[in-house]
Amino acid sequence: MADLFVCLTFDHDNTSSAISRNMLTPTALSRGDFGIAAAARILALLKAERIPTTWFIPGHTIDSYPGCVAAVHADGHEIGNHGWTHRVPSTLGPEGEEQELVRGNESITRLTGKPPKGYRSPAWDLSPHCIELLLKHGFVYDSSMMGHDYLPYQARNGDTVSLLEPMQFGPDTPLVEMPISWSLDDFPHFEYMRSDAGILPGNMNARLVIENFINEFRYMKKHYDWGILTYTFHPHVIGRGHRMFMLEHMIATLRAEGAQFVTMETAVAEYQRKHPAGLSLRPR
Ligand SMILES: [Zn+2]
0 MADLFVCLTF
10 DHDNTSSAIS
20 RNMLTPTALS
30 RGDFGIAAAA
40 RILALLKAER
50 IPTTWFIPGH
60 TIDSYPGCVA
70 AVHADGHEIG
80 NHGWTHRVPS
90 TLGPEGEEQE
100 LVRGNESITR
110 LTGKPPKGYR
120 SPAWDLSPHC
130 IELLLKHGFV
140 YDSSMMGHDY
150 LPYQARNGDT
160 VSLLEPMQFG
170 PDTPLVEMPI
180 SWSLDDFPHF
190 EYMRSDAGIL
200 PGNMNARLVI
210 ENFINEFRYM
220 KKHYDWGILT
230 YTFHPHVIGR
240 GHRMFMLEHM
250 IATLRAEGAQ
260 FVTMETAVAE
270 YQRKHPAGLS
280 LRPR
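Residues in the sequence shown are numbered from 0 upward in steps of one, following numbering that gives the first Met the number 0.
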């Protein structure tokens with residue numbers, strides 16, 4: 000029987016994402032506050048379905064909403080580093096990035112008693128320094144890159160890139176990459192945003208989005224006998240009533256199709272057992 004794993008992951012940004020974009024008005028902040036009610040709904044669903052998941056939580060959320068994050072931990076879900084302020088690493092410089100990792104880890108360790116195994120970059124944009132910093136601080140995996148859809152791989156470090164020359168690929172590292180995709184993230188499909196960067200229309204029909212999400216699994220099932228598919232949700236986005244129906248339906252459908260729901264930490268261990276030498280994206 001095929002081993003087809005699914006990681007449901009939740010980026011529990013609450014207000015940190017708005018604050019990091021300098022959106023400080025009460026209404027902007029209230030969109031993050033909705034993460035409190037939403038997280039409670041999601042946790043209840045996951046408990047009823049007995050599904051272990053991974054939550055990437057900025058230190059800002061952990062230190063601002065202690066009851067909310069304590070419930071995530073109490074239900075046995077994995078908690079990963081998502082920075083402290085939710086600022087994008089590639090905008091911070093190496094020292095600023097390291098401060099984010101360290102402060103984020105401190106908040107998580109206060110909550111769970113141990114440092115996290117995994118990292119996910121806010122807004123999915125690693126800097127060229129990130130891989131080295133993650134290894135330095137003992138991370139086992141990252142979940143911010145898009146080089147595959149169903150197979151984890153070893154994160155590469157130190158590519159040499161210039162406009163007019165062929166790429167020179169850096170070596171693979173021990174850091175495991177658990178790839179993600181904007182197409183399997185609830186945020187761009189659903190969240191209406193009006194900011195200096197422009198308008199993100201969002202508000203897509205949940206039934207149509209779920210069709211895409213489920214078909215990603217069906218393609219894996221048709222063409223792979225082993226794989227890991229990762230979905231990314233934000234409590235304050237997926238927690239709306241009509242989208243919760245979508246999440247419920249998706250869980251039931253994937254389960255009926257043979258999906259095994261695991262945390263990212265468990266998925267990484269499965270990958271390391273299946274592929275002890277690691278998979279590489281370095282072109283041959
Ligand atoms: Zn985030």
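All C-beta atoms in this analysis are idealised placements derived from N, C-alpha and C, irrespective of residue type, glycine included.
- Distances from the CB of P121 to the heavy atoms of ligand 1 include at least one below 6 Å.
- Within the same chain, and ignoring the five residues on either side of W123 in sequence, the residues whose Cβ sits closer than 6 Å to its Cβ are S143.
- Below 8 Å, enough C-beta pairs join the stretch 77 to 84 and the stretch 45 to 63 to call them touching: three or more.
- Distances from the alpha-carbon of Y152 to those of F9, T172, S161 put T172 closest.
- Excluding its 5 nearest sequence neighbours in each direction, A37 has C-beta neighbours in its own chain below 6 Å: P234, H235, G238, listed in chain order.
- At least one heavy atom of ligand 1 falls within 6 Å of the beta-carbon of D12.
- Check the Cα spacing between M245 and each of E210, R155, D10, K135: the tightest is with E210.
- Secondary structure at G197: strand, using DSSP grouped into helix, strand and coil.
- Judged by DSSP secondary structure, D185 falls outside any beta strand (DSSP E) and instead within the alpha helix (DSSP H) spanning 185 to 189.
- For M192, the three-state secondary structure derived from DSSP is strand.
- For L253, the closest of K220, R272, E264 by C-alpha to C-alpha distance is K220.
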